[in-house]
Amino acid sequence: MLRRLLLLSAILLTGQITFAWSGKAPLIDPRLYTQTEDFKSFKADAAELLNLYRGAAPIQYRFHYTGTYFAYQDEYVKGNIIYNGKLYSDVLLNLNCHSDDLQVKIEKSDLIVILNKDFVNSFSIGNHYYINIGRRATGNVYLPGSNEDEKMEGVERGFIDESLPAGYYEVMYDGEMKLLKKTKKTYGERINQSAGTDPKSAIERSFSTTYSYYLVTEVRERIGKGSNASYITKPLLKSIKRRASLIASLPERRGEVRGYLRRINIDYMNRDLVYPTILRYYEGKITNTNN
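Residue numbers (the numbering used here): 30 to 320.
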């Protein structure tokens, strides 16, 4: 018992353990470590991820429901994150699209923490890449590119439009034009008419999904008059409701794009496939047009 008290005191005094915002409980619970494990083991497990292990506990959905409030799957998947300007690799992450919270799971435990959105620059979950559009998003913005190392370093790109609601957006395409996707999960309830008298099954609870797509391009705007005139480049944001609206947003070669889609016999219902394909072809990133 004395050994455990001394160990806990050492952890607290050295500042190597962080507390939730409520100040009531440590995020990495010392009780997870037995009497035979020492402080060195604790630091080895936490490694360099201590800065990520700060934050509130996530919402607990303690009822039966259908669907999922996460973006793609309930499981936490390893990914990379730029947090407060620093890259963290192979971190277990998941995105709650009901509350729009990025969550990190501490390995070797069941503890989950909501990351402070003000410090999240960008992140990847498996093959899905996201940027944080908010107060800090115009700084170290990560967009996928051809060079994996350059991708995760973050680059300064001021294409974010102020009219776009703050939050986490998936980057579906990054070229001269950008395509962003917003996933939103909505909680709903309805009366089960066939539930009988069982009160536990009288209400059906579920999470439904809506997707919004945004095309971001750049336009030149003239400032001033006469010899004092100058031009600035500003982002132009357009909500994309359907395939036709994306093609109509292209400056030229619209008929050529439609013809290409017919030749490749693409699944028009798969917007995650169709929209990026349109932009890749238009910007010359698809060279074999006969397939």
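Glycine included, every Cβ here is placed at the ideal spot set by N, Cα and C.
Check	Outcome
Contact between the stretch 239-248 and the stretch 152-163 (3+ Cβ pairs under 8 Å)	no
Nearest-angstrom Cα separation, counted from residue 103 out to residue 88	14 Å
Residue closest to residue 220, alpha-carbon to alpha-carbon, out of 234, 86, 209, 202	234
Residues near residue 99 in its chain [Cβ-Cβ closer than 7 Å; skip 5 each side]	123, 124, 125, 126
Spatial distance of residue 214 from residue 105 (CA atoms)	17 Å
Inter-residue spacing [alpha-carbon to alpha-carbon] between residue 108 and residue 254	50 Å
Under 7 Å between C-beta atoms of residue 196 and residue 143	no
Inter-stretch contact (C-beta, 8 Å, three-pair minimum) for the stretch 267-279 and the stretch 301-310	yes
Extent of the continuous beta strand (DSSP E) run through residue 255	Element bounds for residue 255: n/a, residue is neither H nor E.
Check whether residue 304 and residue 265 have beta carbons under 7 Å apart	no
Residue of 92, 91, 117, 101 minimising C-alpha distance to residue 82	117
Residue 136 beta carbon less than 7 Å from that of residue 205	no
Buried/exposed call for residue 151, threshold 16 Cβ in 10 Å	buried
Given residue 120 as reference, the closest of 80, 193, 128 once Cα atoms are compared	80
7 Å CB neighbourhood of residue 286 in its chain, flanking five on each side removed	276, 279, 307, 310, 311
Same chain, Cβ closer than 8 Å to residue 250, neighbours up to 5 away in sequence not counted	260, 261, 262, 263
CB of residue 114 within 7 Å of CB of residue 236, strictly	no
Cα-Cα separation between residue 146 and residue 162, rounded to whole angstroms	10 Å
Whole-number beta carbon distance between residue 201 and residue 296, since they are thought to touch under 8 Å	Rounded, the Cβ-Cβ distance is 16 Å, inconsistent with contact.
Where the beta strand (DSSP E) through residue 202 begins and ends	196-203
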